[in-house]
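Here the structure comes first, spelled out in structure tokens, and everything after it is commentary.
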Amino acid sequence: MTAKDSGTPVPRTADLPDITDLTYEQARDELISIVSQLEGGQIGLEESMALWQRGEALATHCNTWLDGAEARLSTGSETNKQV
7 MTAKDSGTPV PRTADLPDIT DLTYEQARDE LISIVSQLEG GQIGLEESMA
57 LWQRGEALAT HCNTWLDGAE ARLSTGSETN KQV
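Counting along the sequence shown from 1, when you hit position 65 you're at 71 in the numbering used here, and nothing is skipped either side.
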């Protein structure tokens, strides 16, 4: 599939890597790309919905990763206070 006016290929979500295999940075970068594509309005409704769903999953993955990082930092801060 290509973007309507630009001729730029839009990757099929089935061809994309499993989200759980992505680092935080990879997921964030892909999410930024998806938002840009959706805001551009140059793709069809079906592909827009698929990208939106992937974007939601990427956002959840990023939030989970950040929550884990925050918990590790909080645990480290508590350990340092006790020393």
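Built from N, CA and C at the ideal position, the CB exists for glycine as well.
Quick one: grab the DSSP three-state call for residue i.
i	result
Asp-24	coil
Thr-81	helix
Ser-12	With a pLDDT of 48 at Ser-12, under the threshold of 50, the predicted position of this residue should be treated as unreliable, though the coordinate-derived value follows. Looking at Ser-12 - three-state DSSP - the assignment turns out to be coil, as it is neither helix nor strand.
Leu-46	Going by the sequence as given, residue 46 is Gly instead of Leu. Of the three classes helix, strand and coil, the one that applies to Gly-46 here is helix, per DSSP.
Thr-70	helix
Can you tell which of the options has its C-alpha closest to the C-alpha of residue i?
i	options	result
Arg-60	Glu-36, Asn-69, Gly-50, Ser-42	Glu-36
Glu-31	Met-55, Gly-50, Ala-65, Glu-52	Ala-65
Thr-29	Glu-45, Ala-20, His-67	His-67
With residue i and residue j assumed to form a contact (beta carbons below 8 Å), what rounded beta-carbon distance in angstroms separates them?
i	j	result
Ala-33	Ile-25	6 Å
Leu-57	Gln-43	6 Å
Considering only residues of the same chain and omitting the five flanking positions on each side of residue i, which have a CB-CB separation below 6 Å?
i	result
Asp-11	Since pLDDT at Asp-11 reaches only 49, below the 50 mark, its modelled position is unreliable, and the value read off the structure follows with that caveat. Taken in chain order, the residues that qualify are Gln-48.
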